[in-house]
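To start, the structure under review is shown below, and the notes come after it.
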Amino acid sequence: HGSSDKRQVYIIYMGNLPKGKVSTTSLHTSMLHEVLPSSTVGSEVLLYSYHRSFNGFAAKLTEDEAAKLREKDGVVSVFRSQKKQLH
Amino acid sequence: TTRSWDFMGFNKKVKRSIIESDIIVGMLDTGIWPESQSFNDTGLGPIPKKWKGTCQSSANFTCNRKIIGAKSYRAKGDIPSDYKSPRDYEGHGTHTSSTAAGGLVSKASLYGIAKGTARGGVPSSRIAVYKICWGDGCYDEDILAAFDDAIADGVDIISLSVGSFSQLEYFDDTIAIGAFHSMKNGVLTSNSAGNSGPILSSITNFSPWSLSVAASTIDRKFITKVKLGNGKIYEGTSINTFDLKGKMYPFIAGAAAPSTSQGYTSEDSRFCGPGTLNETLVKGKIVFCDYDSDGTGPAEAGAIGAVFQSGGYKDYVFPYSLPLSNLNLDDGRNVLNYVNTTENPIATIFKTNVEDDQFAPFVVSFSSRGPNPATPDILKPDVTAPGVDILAAWSEAVPLTEDDTRIVPYNIISGTSMSCPHATGAAAYVKSFHPTWSPAAIKSALMTTAFPMSSKNNLEAEFAYGAGHINPAQAAQPGLVYDAGEIDYVKFLCGQGYTPKQLKLITESNFTCSEETDGAVWDLNYPSFTLSASPGNSITRVFHRTVTNVGSPVSTYKAVVNAPPGLIIQVQPSVLSFKSLGQKLTFVVTVGAEIGNSMISGSLIWDDGVHQVRSPIVAYAS
Numbered sequence: 319h320g321s322s323d324k325r326q327v328y329i330i331y332m333g334n335l336p337k338g339k340v341s342t343t344s345l346h347t348s349m350l351h352e353v354l355p356s357s358t359v360g361s362e363v364l365l366y367s368y369h370r371s372f373n374g375f376a377a378k379l380t381e382d383e384a385a386k387l388r389e390k391d392g393v394v395s396v397f398r399s400q401k402k403q404l405h
Numbered sequence: 020t021t022r023s024w025d026f027m028g029f030n031k032k033v034k035r036s037i038i039e040s041d042i043i044v045g046m047l048d049t050g051i052w053p054e055s056q057s058f059n060d061t062g063l064g065p066i067p068k069k070w071k072g073t074c075q076s077s078a079n080f081t082c083n084r085k086i087i088g089a090k091s092y093r094a095k096g097d098i099p100s101d102y103k104s105p106r107d108y109e110g111h112g113t114h115t116s117s118t119a120a121g122g123l124v125s126k127a128s129l130y131g132i133a134k135g136t137a138r139g140g141v142p143s144s145r146i147a148v149y150k151i152c153w154g155d156g157c158y159d160e161d162i163l164a165a166f167d168d169a170i171a172d173g174v175d176i177i178s179l180s181v182g183s184f185s186q187l188e189y190f191d192d193t194i195a196i197g198a199f200h201s202m203k204n205g206v207l208t209s210n211s212a213g214n215s216g217p218i219l220s221s222i223t224n225f226s227p228w229s230l231s232v233a234a235s236t237i238d239r240k241f242i243t244k245v246k247l248g249n250g251k252i253y254e255g256t257s258i259n260t261f262d263l264k265g266k267m268y269p270f271i272a273g274a275a276a277p278s279t280s281q282g283y284t285s286e287d288s289r290f291c292g293p294g295t296l297n298e299t300l301v302k303g304k305i306v307f308c309d310y311d312s313d314g315t316g317p318a319e320a321g322a323i324g325a326v327f328q329s330g331g332y333k334d335y336v337f338p339y340s341l342p343l344s345n346l347n348l349d350d351g352r353n354v355l356n357y358v359n360t361t362e363n364p365i366a367t368i369f370k371t372n373v374e375d376d377q378f379a380p381f382v383v384s385f386s387s388r389g390p391n392p393a394t395p396d397i398l399k400p401d402v403t404a405p406g407v408d409i410l411a412a413w414s415e416a417v418p419l420t421e422d423d424t425r426i427v428p429y430n431i432i433s434g435t436s437m438s439c440p441h442a443t444g445a446a447a448y449v450k451s452f453h454p455t456w457s458p459a460a461i462k463s464a465l466m467t468t469a470f471p472m473s474s475k476n477n478l479e480a481e482f483a484y485g486a487g488h489i490n491p492a493q494a495a496q497p498g499l500v501y502d503a504g505e506i507d508y509v510k511f512l513c514g515q516g517y518t519p520k521q522l523k524l525i526t527e528s529n530f531t532c533s534e535e536t537d538g539a540v541w542d543l544n545y546p547s548f549t550l551s552a553s554p555g556n557s558i559t560r561v562f563h564r565t566v567t568n569v570g571s572p573v574s575t576y577k578a579v580v581n582a583p584p585g586l587i588i589q590v591q592p593s594v595l596s597f598k599s600l601g602q603k604l605t606f607v608v609t610v611g612a613e614i615g616n617s618m619i620s621g622s623l624i625w626d627d628g629v630h631q632v633r634s635p636i637v638a639y640a641s
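Read top to bottom, the protein sequences are chains A and B.
Take the first sequence: its position 19, counting from 1, is numbered 337 in my numbering, and each next residue is one higher.
Take the second sequence: its position 443, counting from 1, is numbered 462 in my numbering, and each next residue is one higher.
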């Protein structure tokens with residue numbers, strides 16, 4: 319397996335919460351299903367669904383899956399999770 | 020903290036708002052030690068009705084009327100369940116929380132050092148804890164989850180003393196993203212600037228919608244004296260909590276005590292690294308070391324104390340697990356000469372004394388500097404605040420140093436992590452008087468009322484201290500504010516190169532970028548003015564600004580300009596006449612600069628005789 323097959327944590331940032339009665343978590347799961355292989359269960363890779371103050375999610379993805387999400391409508395940015403440090 | 024608030028004129032008797040106890044400070048950090056006296060809830064009323072958060076209670080953690088909410092975040096499933104609580108097993112979060120919002124605790128000290136009444140900036144406020152950092156760091160997914168909750172929970176301000184190892188674009192950085200949405204919801208995020216100074220452009224939290232805080236000294240320095248057998252006394256630095264009661268001990272150079280059985284020579288042992296010293300030769304003695312470290316080597320070898328010689332920065336100090344003093348190179352050379360030329364050399368190390376530092380405040384060496392790496396024409400950091408040798412509450416789950424077993428309720432540490440919660444406390448204080456003010460207005464109040472600082476002690480000038488040193492008492496009465504809202508930041512983001520598709524997702528307004536907004540990042544209604552150009556060039560820049568009257572209903576402000584050689588500053592109009600509170604007036608600042616190869620700075624002050632609303636003006640070679 320190449321490095322692009324390895325799952326890493328990515329942040330998918332989508333801006334404001336959608337208007338109306340939309341289940342944001344369902345939206346995130348649905349987006350994941352569109353890029354994940356059928357053998358992978360979305361709930362296993364979804365770490366957080368951000369839905370109280372803004373829209374986005376964190377998931378364990380391959381580089382290819384992250385690239386596909388980056389091209390989707392409704393996505394502001396997709397980037398690898400980093401570890402930050404105390405100051 | 021026992022000194023820092025008084026140092027900036029924010030004394031115990033400062034006027035307090037009756038709604039200070041309704042202010043909720045959101046602390047994104049390593050958790051909290053709830054049993055600390057700093058978080059005692061005696062005298063506090065019911066939890067504010069606006070609070071919508073939760074408390075992750077367990078057998079080992081409960082909230083009270085001071086700590087009204089607490090939750091831990093760790094997506095990686097590698098933390099034992101016993102530790103997955105908001106309890107602080109590191110110390111950092113307890114320290115920052117007590118600095119921002121801790122109650123009054125008399126006779127707080129670290130083994131008698133820095134003794135006084137410890138207090139936070141808003142002692143009556145409430146604390147909401149979001150534990151995002153663990154022993155191995157703070158992960159982006161957890162940080163963003165905490166922001167998502169904190170904003171929705173109803174906190175009034177967010178304090179985050181954490182940053183990246185690298186510099187990221189605004190929407191590739193969870194802290195900038197979280198701070199953006201907190202701004203949109205009326206919540207200011209106060210961020211540490213970072214500890215990568217004094218290298219230029221080393222700042223890591225620099226989004227214009229957050230407050231970026233540098234770290235500076237207070238008028239307190241820690242002196243640890245070393246007395247030799249010849250009667251000479253040398254002044255070093257450290258936090259030496261041990262009292263040898265003046266008893267003299269045999270003194271040996273690390274170079275004379277190599278652990279040869281482990282293959283080390285005197286060239287190794289002179290630095291006193293762990294394992295390099297011969298325990299038999301060092302045990303019960305004070306050892307002289309050619310380099311500064313955490314003292315682990317001498318401690319492991321059984322030394323009674325250590326004297327370090329170092330040419331490094333000496334503007335902040337640490338506690339150690341044994342008596343220790345850091346000498347400068349000249350004094351170190353003299354002391355080493357005594358050790359090497361004296362038969363049976365002896366010495367003692369005294370407990371640390373606290374003395375006045377007449378040079379304070381200056382920005383500490385490690386504090387990250389500007390200019391802003393993403394937007395060169397927005398000044399960063401914004402302000403500086405006390406971040407050096409700050410005494411505040413500590414977690415009793417961790418020893419004072421890694422190498423000892425002593426548990427302390429208060430500890431002295433340094434970092435922009437320590438300055439950030441000072442600014443948080445000051446911002447919360449302003450908000451307690453002006454609960455409807457926007458994050459930008461609160462930030463403006465802190466910046467325009469800041470004590471001016473001098474480039475004499477800070478070569479990097481505004482890139483070290485921004486608008487200056489926070490002045491919390493004055494910040495509640497700024498006179499004028501440079502306000503900004505979501506639409507202003509969206510215009511800014513047009514100039515920053517974000518696409519209409521991206522901007523449509525982050526704003527509810529129907530704003531579209533235009534020629535007017537594209538590239539004009541400097542027209543964000545910011546309380547500072549910055550222009551960059553290539554070295555050796557002259558440049559003229561026109562800044563458009565709007566100020567809102569929050570002082571006297573009827574007032575007239577005159578523009579007072581401070582322009583050093585190489586800087587031409589014109590303000591039109593030069594007089595602003597207000598007829599009501601909340602009235603907004605616009606003006607234009609035209610700055611011409613002969614930049615050369617460095618930076619030039621001046622200022623604009625709007626003065627009505629009562630308020631002096633000061634903004635730095637910086638021109639530099641980019």
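Just so it is clear, CB atoms sit at the ideal spot from N, CA and C, and this is done for glycine as well.
Owing to the predicted nature of the structure, the values given are computational and were not obtained by experimental measurement.
Top-ranked residue by Cα proximity to residue i, from the options
i, options, result
"B:Ile38", "B:Gly50, B:Ser634, B:Gly64 and B:Thr21", "B:Gly64"
"B:Ala552", "B:Gly615, B:Phe470, B:Leu499 and B:Pro546", "B:Gly615"
"B:Cys513", "B:Ala492, B:Val540 and B:Asn529", "B:Val540"
"B:Leu355", "B:Trp70, B:Lys302, B:Lys134 and B:Arg289", "B:Arg289"
"B:Ile66", "B:Gly389, B:Lys34, B:His111 and B:Gly173", "B:Gly173"
"B:Thr299", "B:Leu219, B:Ala275 and B:Thr315", "B:Ala275"
"B:Ile84", "B:Thr49, B:Thr136, B:Ser144 and B:Phe29", "In the sequence as displayed, the identity of residue 84 of chain B is Arg instead of Ile. Nearest option by C-alpha distance: B:Ser144."
"B:Val632", "B:Ala320, B:Tyr576, B:Ala379 and B:Gly611", "B:Tyr576"
"B:Leu247", "B:Asn353, B:Tyr283 and B:Ser574", "B:Asn353"
"B:Ser77", "B:Tyr102, B:Ala94 and B:Gly96", "B:Tyr102"
Min CB distance residue i to chain B below 8 Å
i, result
"A:His346", "no"
"A:Arg325", "no"
"A:Ser399", "yes"
"A:Gly333", "yes"
"A:His405", "yes"
Contact set for residue i: own chain, Cβ-Cβ below 8 Å, skip 5 residues either direction
i, result
"B:Ser329", "Tyr310, Asp311, Asn345, Leu346, Asn347, Leu348 and Gly351"
"B:Lys69", "Asp41, Ile43 and Gly173"
"B:Phe452", "Ser36 and Ala495"
Closer than 7 Å: residue i CB and nearest the ligand HEM heavy atom
i, result
"B:Phe199", "Among the ligands in the structure shown, none appear at all, so the ligand HEM cannot be discussed."
Residues near residue i in its chain [Cβ-Cβ closer than 7 Å; skip 5 each side]
i, result
"B:Ala445", "Gly140, Leu465, Ile489, Pro491 and Ala494"
"B:Asn581", "Gly621 and Ser622"
"B:Pro217", "Ser384, Arg388 and Glu479"
"A:Val394", "Tyr331, Met332 and Gly333"
"B:Ser79", "For the record, residue 79 of chain B in the displayed sequence is Asn; it is not Ser. So the qualifying residues of the chain are Ser104 and Arg106."
Within-8 Å CB hit, residue i to chain A
i, result
"B:Val181", "yes"
"B:Phe190", "yes"
"B:Ala412", "no"
"B:Asn529", "no"
"B:Ile162", "yes"
"B:Gly213", "yes"
"B:Leu247", "no"
"B:Ile170", "yes"
"B:Asp396", "no"
"B:Gln3", "As shown, chain B starts at 20 and ends at 641. That puts residue 3 of chain B outside it, with no answer to give."
"B:Leu47", "no"
"B:Ile525", "yes"
Cα-Cα separation, residue i to residue j
i, j, result
"B:Tyr92", "B:Ile98", "11 Å"
"B:Gln496", "B:Tyr448", "11 Å"
"B:Pro546", "B:Gly555", "27 Å"
"B:Ile170", "B:Ser211", "19 Å"
"B:Ala404", "B:Gly498", "22 Å"
"A:His351", "B:Lys240", "59 Å"
"B:Lys304", "B:Glu362", "15 Å"
Original post:
Quick one, which residues of the stretch 378-394 of chain A are near chain B if we go by CB-CB under 7 Å, in chain order?
Top reply: Gly392 and Val394
**OP:** Taking only beta carbons into account, state which residues of the stretch 86-118 of chain B come closer than 7 Å to chain A, listed in chain order.
**Re:** Closer than 7 Å at the C-beta level to chain A, one finds these residues of the stretch 86-118 of chain B: Ala94 and His111.
**OP:** Report the residues of the stretch 416-449 of chain B with a CB closer than 8 Å to any CB of chain A, ordered along the chain.
**Re:** Gly434, Thr435, Ser436 and Cys439
Original post:
Any residues in the stretch 146-158 of chain B with a beta carbon nearer than 8 Å to a beta carbon of chain A? Which ones, in chain order?
Top reply: Cys152, Asp155, Gly156, Cys157 and Tyr158
Original post:
Which residues, taken in chain order from the stretch 193-206 of chain B, show a beta carbon closer than 7 Å to some beta carbon of chain A?
Top reply: Thr193, Ile196, His200 and Asn204
Subject >> Residues, ordered as in the chain, of the stretch 488-522 of chain B that lie near chain A by beta-carbon distance below 7 Å >> reply: Gln521
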